[in-house]
Each structure stands twice: as structure tokens, then as C-alpha cells.
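**Q** These protein sequence lines map, in sequence, to chains A and B. Here the numbering used here is used: the first residue of the first sequence is 62, the next is one more, and so on. Here the numbering used here is used: the first residue of the second sequence is 62, the next is one more, and so on.
Number of protein chains: 2
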Amino acid sequence: MVGSSKRVENFPDVVDLESSLPPSTIPPMEIHRVSLPQKKTTLQSLKQRLNEVFFPDDPLHQFKNQPFFRKVILGFQYLFPIFQWGSEYRLNLLKADVVSGLTIASLAIPQGISYAKLANLPPIIGLYSSFVPPLIYSILGSSRDLAVGPVSIASLVMGSMLREEVSPEKEPGLYLQLAFSATFFAGVFQASLGFLRLGFIVDFLSKATLLGFMGGAAIIVSLQQLKGLLGIVHFTNQMGFIPVMLSVFENRTEWAWQTIVMGFSFLVFLLVTRHISQSRPKLFWVSAAAPLASVILSTIISFATKAQDHGISIIGQLQKGVNPPSANMLLFEGSYLGLSIKTGIITGILSLTEGIAVGRTFASLKNYQVDGNKEMMAIGIMNMAGSCASCYVTTGSFSRSAVNYNAGCRTALSNIVMAAAVLITMLFLLPLFYYTPKVILAAIIITAVVGLIDLHGMIRLWKVDKLDFLACISAFLGVLFISVQIGLAIAVVISIFKILVHVTRPNTAIMGNVPGTQSYRNLAHYKEATRVPAFLILGIESPIYFANCMYLQERILRWVREEEERAIKMNESSIKCIVLDMAAVTTIDTSGMDTLSELKKTFDKRSIELVLANPVGDVTERMNQSGIWEQFGSEGIYMTVAEAVAAVSSMYKDQLRSHVFSIEQ
Amino acid sequence: MVGSSKRVENFPDVVDLESSLPPSTIPPMEIHRVSLPQKKTTLQSLKQRLNEVFFPDDPLHQFKNQPFFRKVILGFQYLFPIFQWGSEYRLNLLKADVVSGLTIASLAIPQGISYAKLANLPPIIGLYSSFVPPLIYSILGSSRDLAVGPVSIASLVMGSMLREEVSPEKEPGLYLQLAFSATFFAGVFQASLGFLRLGFIVDFLSKATLLGFMGGAAIIVSLQQLKGLLGIVHFTNQMGFIPVMLSVFENRTEWAWQTIVMGFSFLVFLLVTRHISQSRPKLFWVSAAAPLASVILSTIISFATKAQDHGISIIGQLQKGVNPPSANMLLFEGSYLGLSIKTGIITGILSLTEGIAVGRTFASLKNYQVDGNKEMMAIGIMNMAGSCASCYVTTGSFSRSAVNYNAGCRTALSNIVMAAAVLITMLFLLPLFYYTPKVILAAIIITAVVGLIDLHGMIRLWKVDKLDFLACISAFLGVLFISVQIGLAIAVVISIFKILVHVTRPNTAIMGNVPGTQSYRNLAHYKEATRVPAFLILGIESPIYFANCMYLQERILRWVREEEERAIKMNESSIKCIVLDMAAVTTIDTSGMDTLSELKKTFDKRSIELVLANPVGDVTERMNQSGIWEQFGSEGIYMTVAEAVAAVSSMYKDQLRSHVFSIEQ
């Protein structure tokens, strides 16, 4: 059957008898039979399908055709990428890694302290979290540019979710236990996503919804900093835009001008340095060094002026020493188990999304590939280990990774350098932070998150895709006015709804012949394309399945009705044949096949020929299994629209000729 | 720009210098520029999109170009279809409608009493529900074959959901109020779905999942009848397979042989008549008359033998009279509001699905069309009105509609005839049911639902689509072993998950030239298709958007890697150009465009040309708006794969020639 073909003879002159037939400009054509794909057993097709779903990247391809010993080494390097880049490490890379490591350390220390506050945790937890996780990531991670540590969004979400049920002020011990437990569950969730190769779940957070979500979260985070920036003592515990603004203005009497002056001066300084680095990437060190410089400068000012006596609150005593073990603090039972699992899953997926996106972004800039599922396992293990060493949720930070990249990092060694710098700070330098004013931390946080509000991106969405923009703005407003979790939920639901609407209401288009070619294209798109008289050629731009088969059936009947009305109006011949271009029908299910079968019957009753053109392999296979293939028969399925048109017209002409012949007799 | 084209000259002889170039069997081709679709304003495209989503059937097309007076009449007929068929009614149709109306009445009376028991309601409610709703439907409904009344699945679901919180034995008054309230909310939900034109929501219950759900529910319903069939007094209140079977065997001592003998005799009789009618559709009246015949016969036996003294329980006294008003019994507040809304929505969507499916099935058999959204409004209003007239949820019943159709009904008048028969029964004949044994109702229910278990359908699913079969069997087992609601939820989730997996892991295929044509097809499907050397032609069989763009990027990179490895092994030339066949890429979102742009950059760095072939209108438009169009340029986008291959090869040959030329110089 494969490759069999028959030649359709050129149209005879009798054609002119009947104006309803297609123009004879169409050249004679070979008609190719549509072949069925090779038969596969259930097991084979299932295996192939599962392979595509879970192992699309063929992760073991480098192991193929290798000797055993080499396989062991490769396996070791696969599990611990440090052995791969470590074995190739040259001393000339060292300088770049040390410079970038120290640069991100100068950012990570003040940010770590600030983000811990965002999660309602003691500042020192932020430093602990900038020490152990980067070390673990440098062993397991495959990105060369990721700077690991606490990040703003995950800190905010963890803080707001846990605070809803447990007060960090009244029950700090329980709160800390819940934070570590949530971190542990986040790690378990992340590692299992990677291990079960379900990484595609993070893909359901589309860029558009993330844009809105991050923008909203950045504003929420910034508003929370008004407490510090204005020196307010009695601040609301809520996160929403309205309660925070109410709280700010209701407590006008608490505003402290000294705090305000200091805070806004440093905020302006930080924003200016940020602007400088953005417009000249070579000056990345200006914004990278600014937070630490601000901390040092403000601490000196605060120390010199005895700021705490003038209404400026300071950090105070910080516990010296390295991470204490915290495995015994994890809660695996009790009434808060649900809360910590829920918090863990949500912060886990958020931090995963950020970490994977950052890793992929910089990998594509340097043209290497990051294995998403492997990264998830690395980040997951890092958080599981972190939760046993007094760390809370960490991932690759976008802002610090950008600094790392700009500072010229070459390998994950820069994370080790950073961790070393944090270690030295924790062991020896913590007393220096005693006089650091809290207001400076607020300024650092605002500067860090302001970059998450991407107005240009939102404008681009509006221009290109209104539905994407709607998803973005809903997530944004949801975060701002309802809550961070609801905003996230809205974002996910809209993303999925968008897919479903597209699937439920697929496009159908009338196609015409592009003159001088065998191609048939959408008439609305190609102005030069012309209709073929007596034919209705419809492109179905979607798989046909249960969610859209009723719609498609009704829509096709409507096209036929409209075309017939048009034909009567324009005094053209009525429809003799409907060709469905199935090129974009990439799959079909049982409901879809019932629809095709029903349409065939309906048009048979109305003496209209229904033929299919260009069905893909999967569709032909299923049609064959269900018996619809025979219903259409070899005269009902063609390889291209052009062949279908040629074959059906020649068939009509044969009929016509025999009709003329019988009249003559 | 539209239609502009340039002719690519035939390949010169220098070709032979470089074996890596495509064979010169490809004929010279006109290259057509891919044009952009006409510019539309945001408002225009939004309007068009909304029109497609909400008004795909163009419901107002018959009003176009009509004089005002005619429009008013048409509008009246549109809202009340009875005026349409009523004004054309001829007396010769009357006989058929009366015969079919009486036939379905003889089914509806015993079924109405039985189904009310399934919903834990007094039997008379089932008769009330067979009187008012059919009358309303005959005014508003557009199906000619639907037989309206209570149905088994919706009765079962309402009964099991309400019983979970309120006992029908202990608080019959409250239970009745909740049943009417749930019916009211079901009606509101159904009518709003129709009014808001959101009818496609019922499409998300795929045929496959419904098959499993209905099969499971049928077994649950039948198991419940064991109480009546075996004469058990202390029966479990639970619905699951295991608790019911346990209850049946734990109460062995209560089994009453008289009940069992009578029950199984009539069950066998009913099943035999059902079998006769199924194998000979002309004998439809055999199974249609059997239930009423059984009721009459069993009542006589029961009366003659004083059955109630021998352990056979009888229906007893039934309140005479027509439907009492019940609007005052609707509960719009209180702690059970949530329950009745939830029950209303679930029974509403189930009964809607059955009603719409039944209407469409018989409409397609008689070749007329049923407007889904209008039907939803009709069914919704019927339930809202019914809830104020002591009726519970009703819809078009599959079994009775089939009888109606086979009995030769012509219009909705058969429903009016049926309602009249029910009215006479309610007014005068109820005392006759006093001695009717309850066991006969159990036998009638089992016979009615046994047809819902469609083993052949399940086997066909297994053959054609394993994932559909999985959805079906999960819904089946979910209903059987967990609960009706959970089974339904499983069915919906699997259906949606199936769509999402298809969307997240789309097919990509290497394509080759079908010899002697300009067509390029999947190599795995068309064995005769041949690769074009130095080209990698990939078919992308899905829209490109956030949910699959990471996957597609990785998959394309993997194809390239594998092709390059193959080329080295086979000693062929390496890849010079990648052609993406975009015919099935029916839309693209912002994430998808970023992916294309990134791929282009990646391959540019590797000196591989990336070109697109055959983008559809929507995709070209968005690419243009976002600036990706310029990135690819006119030399990067072609109308067909064949033109892309011809143009790129000729370009390479030009380069090669000038290279040779410069060497010669």
C-alpha cells in the first residue's frame, strides 16, 4: 500500500458543460495513497509515550556506547557536577570566581539579614541560609552562574502564610519550628518533582502570570518596608494594599523624621547606584557594593550620633557562631502539620520557578544547558539539608545571580567563596552590626524588589496578547488586594483556563488555492488565495477531542450554511465537496472520531462529499483502529488538499461524462 | 507585499563540488512571501474572539435581512419554540404523538415513583415531577424527541449528597425543603449556563469519563435495590460497593424468600422484554409496556394473596391531587444553604449533560439541530419552575426518550399527552397503587439502569485510546468504591489532565520529501519519504506556549544533537539548516515567541540557519507585533517547506559559488 499511486488524467473538454466544476488550470496530479503508520503494540506505544512525557531530554544519552569504567565516572559526574567542572578547573579561572564570590557576598550579607525579617525570622537565620545551601548547591548544581541564598518572594510568602496561624512575636519558638519544617517539605517537594521528572509542573506558571505575580509581590514587600522607613511602631500584621495604607496613615503620629530622613537618603543613594549599573553593565560593582557600603556608612553614623536615642531603631545583638543543627526542630505531627506542608509546597514551587528560570536564563546567555529535573533535585536536597542546619527556604536569586554573571564568575566556586565570606562574618564580624539601623534594611529590600516590577514587559504583553495581559494583571491585582496565595491561585487558574479556552474553541478557516501553486491557505490571511468553486476547503486548527467536538461539528455546519447562502447570493454553484485539512489535527479521541463519523453521515444524506486531507500518523492509526478509516475509504482520504481537489473533481467529471453519454444515447 | 514572488534559478553545476547540498532533483520554484494578515484593531479582534467563544453558532442568523414584523414573530418563536411547531401542526401528526405520549406515560409513572425513592423522596414527588416539567419543556424546548421527567443518575446523586448531612427518615420536612432548594439552584445554574452561553462547560465531561461514571452509578443504583429485592429491613445508609455488600450479607437473616421470588421473577420478565425490544426495535412497545404491566400484575397478585402479611412490603397510601405549591419551602439562608447550592450545581450539571446529549442524539438521527444554549435555558427554567411546584430535578431521560422516538413521536406534544396521563393518574388512579409491592419498583429501576453499563463501549475505548480508557475506568472505580461525587471529580480531573499532558508534551516529527511531490511528511508515518541532506525538517504539532515552550526548546535541541550524531555515523553532511514546519502551530504566546527568538540566537551562534515554514495568520500577526518577524526576516519565513528548502539551498549554492570564485581569483 505504501507509495502506491494512480495518475488522474487531465480534465476532458466536457468540463465546460457544467460551470460548477473547478477550473481546469489545476494541473494533472499523481494521487498518493495515505499510508498507515507501522503497527505498534500497546506496550511499545505506551513506552514511547511515557518516554516523551518523562524523559524528553534523553538524560542518559551520554552513557550510550561507553565502556563500563567510563560509565561509572560519568555517573559520578552526573550526580555531582562538581567533579566534572572541578576536574577541569584551572587556576586562571580562580581570580574571576573569587572576585565574583566576594561581590555577591557583599550583597548577600545585608540581603540575607533583610529577607529573614521579611519572613518574620531572626536576622541571623538569613546569614545561616547564605552559608550552608550555597555550599551544597556548589556540589550538586549544574548552573555556573546561580547565586544561592534567601530570596524576597519566597521569604514574603513563607512569612505571610505562617503568620496567618502563628504569631512570630508571641510564639517565636513554634514559628521557627514551622519555618524549618516548611523548608524541609519544600525541599522534599522540589526533590521529588525532579526525581519523578514532573518538572513540567513549574511550566504551568506562565511568564505572563509570573510577571503580574512578581510585580504585585514586589509592591506588597515594599509597602511592608514603610514600617521601617517611617519608623512606625504599631503596624498592621496584614499584607494587603488597603490595610497597610490605612495603618500607615492612621499611625501618622508615630512617623519619626530622623528615621525618614536617613531611610530616604539611603534609598535614593541605592536607587541611583542601581540606575547607574543598569545603564552601564560594566559598572555592575557600583550597585553590588552599594548595600554593604550603605550598611557600613549608616552604622558609623548611627554609632557616632547614638541614633537609638533619637528614635532610630537598630539591629542590636546578634548571636555569633555557625549554623546550629535544627533537625530536632522539624515537626512531623501535630495540628500545624498541614500548614507547614502547604507553606512548603507553595514556597517550594515559587523558589523552584525562580531558581530554574534564573539558571536557564544565564545558561542560555553562555550557551550551555541546564537539566531542569536535575536542578530541581539539587535545589530540593539543598533545602532539605538546609532545614536541618537552621536555614529557611533558599534558591537561586535573580538579582544576585545577575551580579555574579556580570562580575565574571566562571564556575560554582563563586558560591563557595561567598559562603566562606559569610562564615567569616558570622564568626567574627557580627558585633559590627550592633548599631546598624533597621531602616537601612528596608531601603535595601525596596531596592532589590523594585526591579521585579516590569512595566515594559506588561506593555509588551498588552500589545501582543490581550489574554496574557489579563492573566498578568489579574495576578497583580489579586496579590495586591486579596492575598499572595490567592494571587498565585488566580494566576495558575487563568493560565490553565487560557489553554482550555483555546482547546475548546479552536480556529477553523476557509482555505483557497494560492495561484500558481499546489498550496491551499487561509483566505483571510492570504489575500491572493482564491476559492475553488463547488468546494469548501476548511482548515481545522486543533486536535479534535471531547472538549471541542460539539463545537467543531456546529461550526462546520455553520460554515456550510454560510457558504451555501453566499453561493446563492453570488450566483455560484452549490457545494459539492467539503475538504477538511487535517494538518493541524495532531490527535483525535473517541469523541472526535464519533463526530467525524456523524458529519460524514450528515453530508452523505445531503449528497455532499466529505473528504479528509493530510491526516497525521497518530490520527490515521486511531481512525483505522476504530473503523472510521473504512467509512471514509480510499476515496475519502488524501495526502494533500491539492490531491483531494484534483481527485474529487476528476471523479465528478467522470460522472458527468457518463451522464452526458447516457443523455446522448 | 502581498503576492510578491521571485523565481529561484535552477541549481548550477557547481553543486557537485559539495556533497552536503540537497539533491538537484528538486525542481525550480517560485518563492512566495508570507504575507501578514490584515491589521485589526484591538476592539475588532476582541469582538471576533468573543463572538467565536460565545456565539459560535451565530444564533441570530435567521433574523438577518428580515422585515421588522417578521423579526418580532421570529423572536417570539425563538423564545417559545411551541409557537413554531404549533403553528405548523397538522392533525395527521396527532395520532403518532398521542400513541408515543401514552407509551412514555406508562413508563414514566412507575419510573417516577421508583426514582423518587432513589432520591429518598416520597413516591408522589416522582409523579409531580412527571407532570409540571414536561408541560414547561413542551413550551420552551426545541427537541422533538426528549421525554422529560426524573432520571436515575441525578436522583441518585441528589439522594446521596443530601443524605450525607440530613437524614430523610428523621427530618423528612427539612430533607424535602433541601431537595426543592437544590432543584431550584440546579435550575438557576442551568439557565445561567445557557444565558451566559457557557454551555461548553458540559463538554468537559468527555464521553469516555461519562461512560465510566454512568456504569459505576448504574451498579451503585442496582446495589441499592438489593434492599428491596431481598426484603432487607436494616440496610446501610452508605452507597459504596463494599459497605452495601457487607450490609447485604450481614443481614442474611432478614432475607425474605417471598420477596425474593416475586422480585427476581419480575426482574427476569423485565430483562427479557428489554432484550426483545433491543434486538427488534419495532417491538419497542414490549419493553415500554412491561413496567406498567408488571406493576398491574404484581399489584393484583399482592392484593389477592394479601402479600403484606407474608413479608412483602407495599407502597401503601398515596396522597391524591395535583402538585401543591412549594415556593415557600425553598431555603435561601441557614446552615444548609451551601449544601443545597453544591447539590444543585452537581445534579444540575449531570442532568444537563444527560438532557443535552439525549436531545442531540435524537436530533442528529432525524437530521435537525438542537441549540445547546437554548436547551440549557429551557431545562433550567423548567427546574426553577418545578422547584416551586413540588418537583425535584428533572431532565430528558435517555431510556424514555428512546421509547418516545421508537414510538414515532413527531413533536413535543407527546410530552403534553404524557403529562395529561400523569395528571389523570394523580387525580383518580392513585388508590390502585396501594397494594403495589415495593420490590417491583426495585426491579424496574435495575432494568432501567442496566443499559447504562456499556461494556462494548469500554472495550472500544481500550482498543482505540488507552488514556480515554484510563479516564473511564478511574471514574467507574471512583464511583463504585469511593463516592459518586469523588468519581465525578476524578472523571473531570483526568479529562482536563489529559488535555494538559497533550498540550505540555506535544509531538515533534522529522519530515522528509515524498518523492515526486512538493510535500514533506513525517518520516515515521510515510515510509517512502526521504530526508533532505544537510536539512533538518521538524514538524511542531502543537501551539507553542508557556506550558510547552521549555519542552519544545529542549526537544528541538535534542533532535539536532541526535541528527548530528546520526550524520557523523552515516558519514553524511552535517546540518546546515533547520526548517520548522509551523502548519500545526495554531497559536503562539509571548513565552513561545521568546523561545523561537532564543532558538534563533542559539543556532545563529552555531552557524545553523533556522527558518520557519507555513506560519498561520494568527502566528504571523503576533510575531510581527512582538518584533520576532524582523529577527527572522524575509529569508527566514516561507510559505511551504518545499519553498524554504529550495530557497535556502539556492542561497547556499550562491555562497558556495562566490567562495569558489574567490578561490579561483
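For every residue, glycine included, the Cβ atom is placed at its ideal position computed from N, Cα and C.
#1: CA-CA distance, S216(A) and R471(A)?
#2: Note down, in chain order, every chain B residue with its Cβ under 9 angstroms from the Cβ of D665(A).
#3: Using C-beta distances below 6 angstroms, list every residue in its chain close to A591(B), excluding the 5 sequence neighbours before and after it, in chain order.
#4: For the pair the segment 346-361 of chain B and the segment 417-437 of chain B, tell me if three or more CB-CB distances fall below 8 angstroms.
#5: According to DSSP, is T569(A) helix, strand or coil?
#6: Helix, strand or coil: how does DSSP classify G678(B) here?
#7: So V510(A) and V282(A) are in contact, right, with Cβ under 8 angstroms, and what is the actual spacing, rounded?
#8: Which value, in whole angstroms, describes the spacing of the CA atoms of A169(B) and G210(B)?
#9: Check distances from the C-beta atoms of the segment 412-438 of chain A to those of chain B and list, in chain order, the residues that come in under 8 angstroms.
#10: Please classify H517(A) as buried or exposed, where buried requires at least 16 neighbouring CB atoms within 10 angstroms.
#11: When DSSP labels each residue in this structure, what does L641(A) get in the three-state scheme?
#12: Please report the residue range of the alpha helix (DSSP H) in which L152(B) lies.
#13: Thinking V218(A) and I507(A) are a contact (beta carbons under 8 angstroms), I'd like their distance in whole angstroms, please.
#14: Quickly, what does DSSP pair T456(B) with across the bridge? List them, please.
#15: Check for me: the alpha helix (DSSP H) holding G187(A) runs from which residue to which?
#16: Looking at the C-beta of F459(A), does it have a partner C-beta in chain B at a distance below 8 angstroms?
#17: DSSP beta-bridge partners for T360(A)?
#18: Buried or exposed: P385(B), going by 16 or more other Cβ atoms within 10 Å of its Cβ?
#19: Measure the CB-CB distance between G405(B) and F245(B) and report whether it falls below 8 angstroms.
#20: Which residue comes first and which comes last in the alpha helix (DSSP H) that contains R421(A)?
#21: Using 8 angstroms as the threshold, is the segment 605-622 of chain A in touch with the segment 648-662 of chain A, meaning 3 or more CB pairs across them?
#22: How many Å lie between V706(B) and V640(B) at the Cα?
#23: First and last residue of the beta strand (DSSP E) that includes E602(B)?
#24: Output the distance between the C-alpha atoms of M62(B) and S695(B), rounded to the nearest integer angstrom.
#25: Listed from N- to C-terminal order along the chain, which residues in the segment 577-603 of chain A have their beta-carbon within a distance smaller than 9 angstroms of any beta-carbon of chain B?
#26: Classify Y198(A) as helix, strand or coil using the three-state DSSP reduction.
#27: With R110(B) as the anchor, note down where its alpha helix (DSSP H) starts and where it stops.
#28: Looking only at its chain, what residues have a beta carbon closer than 7 angstroms to the beta carbon of R258(B), apart from the 5 residues adjacent to it on each side?
#29: Please list, in chain order, the residues of the segment 256-268 of chain B that have any C-beta partner in chain A closer than 7 angstroms.
#30: Could you work out which residues of chain B lie near T456(A), taking near to mean beta carbons separated by less than 9 angstroms?
#31: Along the chain, where does the alpha helix (DSSP H) containing R627(A) start, and where does it finish?
#32: Taking the continuous alpha helix (DSSP H) assigned at Y139(A), which residues delimit it?
#33: Does DSSP classify T701(B) as helix, strand or coil?
#34: With distances taken between CB atoms, is the gap from V419(A) to G457(A) smaller than 8 angstroms?
#35: Is the beta carbon of L502(B) less than 8 angstroms from the beta carbon of I293(B)?
#36: Cβ closer than 7 angstroms: which chain A residues qualify as neighbours of K132(B)?
**A** Straight from the coordinates:
#1: For the purposes of this step, residue 216(A) is identified with residue 155 of the first sequence, where counting begins at 1. For the purposes of this step, residue 471(A) is identified with residue 410 of the first sequence, where counting begins at 1. Computed Cα separation, rounded: 28 angstroms.
#2: If you number the first sequence from 1, residue 665(A) lands on position 604. Residues of chain B passing the Cβ test: none, with the nearest at roughly 11 angstroms.
#3: One-based indexing of the second sequence puts residue 591(B) at position 530. Residue identity differs from the one stated: residue 591(B) is Thr in this sequence, not Ala. Cβ within range, chain order: G573 and N574.
#4: no
#5: By 1-based counting over the first sequence, the position of residue 569(A) is 508. Residue state, collapsed to three classes: strand.
#6: Position 617 of the second sequence, counting from 1, holds the residue named residue 678(B). Three-state result, G678(B): helix.
#7: Against the first sequence, residue 510(A) aligns to sequence position 449. Against the first sequence, residue 282(A) aligns to sequence position 221. Between V282(A) and V510(A) the Cβ distance is about 5 angstroms, and since that is below 8 angstroms, they are a contact.
#8: The residue you call residue 169(B) lines up with position 108 of the second sequence. The residue you call residue 210(B) lines up with position 149 of the second sequence. Approximately 7 angstroms between the Cα atoms of the pair.
#9: R421, S425, N428, Q430 and G433
#10: Indexing the first sequence from 1 puts residue 517(A) at position 456. Under this definition H517(A) is an exposed residue.
#11: Here residue 641(A) refers to the residue found at position 580 when the first sequence is read from its first residue. Strand.
#12: If you number the second sequence from 1, residue 152(B) lands on position 91. Element bounds for L152(B): L152 to L179.
#13: Translated into the one-based positions of the first sequence, residue 218(A) becomes position 157. Translated into the one-based positions of the first sequence, residue 507(A) becomes position 446. The Cβ separation is near 18 angstroms, so there is no contact.
#14: In the second sequence, residue 456(B) corresponds to position 395, counting from 1. Paired residues: G210(B).
#15: Locating residue 187(A) in the first sequence gives position 126, counting from the first residue. First-last of the alpha helix (DSSP H) with G187(A): P184 to Y189.
#16: Locating residue 459(A) in the first sequence gives position 398, counting from the first residue. Closer than 8 angstroms: no.
#17: Residue numbering aside, residue 360(A) sits at position 299 when the first sequence is read from its first letter. None; T360(A) has no bridge partner.
#18: In the second sequence, counting from the first residue as 1, residue 385(B) sits at position 324. Exposed, since its Cβ has fewer than 16 Cβ neighbours within 10 Å.
#19: Taking the second sequence and counting its residues from 1, one reaches residue 405(B) at position 344. Taking the second sequence and counting its residues from 1, one reaches residue 245(B) at position 184. Taking 8 angstroms as the Cβ cut-off, G405(B) and F245(B) qualify as a contacting pair.
#20: Walking along the first sequence from the start, residue 421(A) turns up at place 360. Here the alpha helix (DSSP H) through R421(A) covers L398 to K427.
#21: yes
#22: Along the second sequence, read from residue 1 onward, the residue named residue 706(B) stands at position 645. Along the second sequence, read from residue 1 onward, the residue named residue 640(B) stands at position 579. In a straight line, the C-alpha of V706(B) is about 8 angstroms away from that of V640(B).
#23: Sequence index remark: in the second sequence, residue 602(B) carries index 541 (1-based). F596 to E602 is the extent of the beta strand (DSSP E) around E602(B).
#24: Here residue 62(B) refers to the residue found at position 1 when the second sequence is read from its first residue. Here residue 695(B) refers to the residue found at position 634 when the second sequence is read from its first residue. Residue placement at M62(B) cannot be trusted, given a pLDDT of 37 that sits under 50; what the coordinates show is reported in the next sentence. Cα-Cα distance, rounded: 11 angstroms.
#25: G577, T578, Q579, S580, R582, N583, A585, H586, Y587, K588, E589, G600, E602 and S603
#26: Reading the first sequence from its first residue, position 137 is the one you call residue 198(A). Here Y198(A) sits in helix by DSSP.
#27: If you number the second sequence from 1, residue 110(B) lands on position 49. T103 to F115 is the extent of the alpha helix (DSSP H) around R110(B).
#28: Mapped onto the second sequence, residue 258(B) falls at position 197. Around R258(B): F115, F116 and N434.
#29: F261, D264, F265, S267 and K268
#30: The residue labelled residue 456(A) in the question sits at position 395 within the first sequence. Here the premise fails: no neighbours, minimum Cβ distance about 17 angstroms.
#31: Here residue 627(A) refers to the residue found at position 566 when the first sequence is read from its first residue. That run of the alpha helix (DSSP H) goes C610 to K630.
#32: Locating residue 139(A) in the first sequence gives position 78, where the first residue counts as 1. F129 to L140 is the span of the alpha helix (DSSP H), which, as asked, contains Y139(A).
#33: To locate residue 701(B), count along the second sequence from 1; it is residue 640. Reduced to three states, the DSSP call for T701(B) is coil.
#34: For the purposes of this step, residue 419(A) is taken as residue 358 along the first sequence, with counting starting at 1. For the purposes of this step, residue 457(A) is taken as residue 396 along the first sequence, with counting starting at 1. It is a contact, given that the beta carbons lie within the stated cut-off.
#35: Locating residue 502(B) in the second sequence gives position 441, where the first residue counts as 1. Locating residue 293(B) in the second sequence gives position 232, where the first residue counts as 1. Contact flag unset, no.
#36: Start at 1 with the first residue of the second sequence, and residue 132(B) comes out as number 71. Chain A residues near K132(B): none, gap ~18 angstroms exceeds 7 angstroms.
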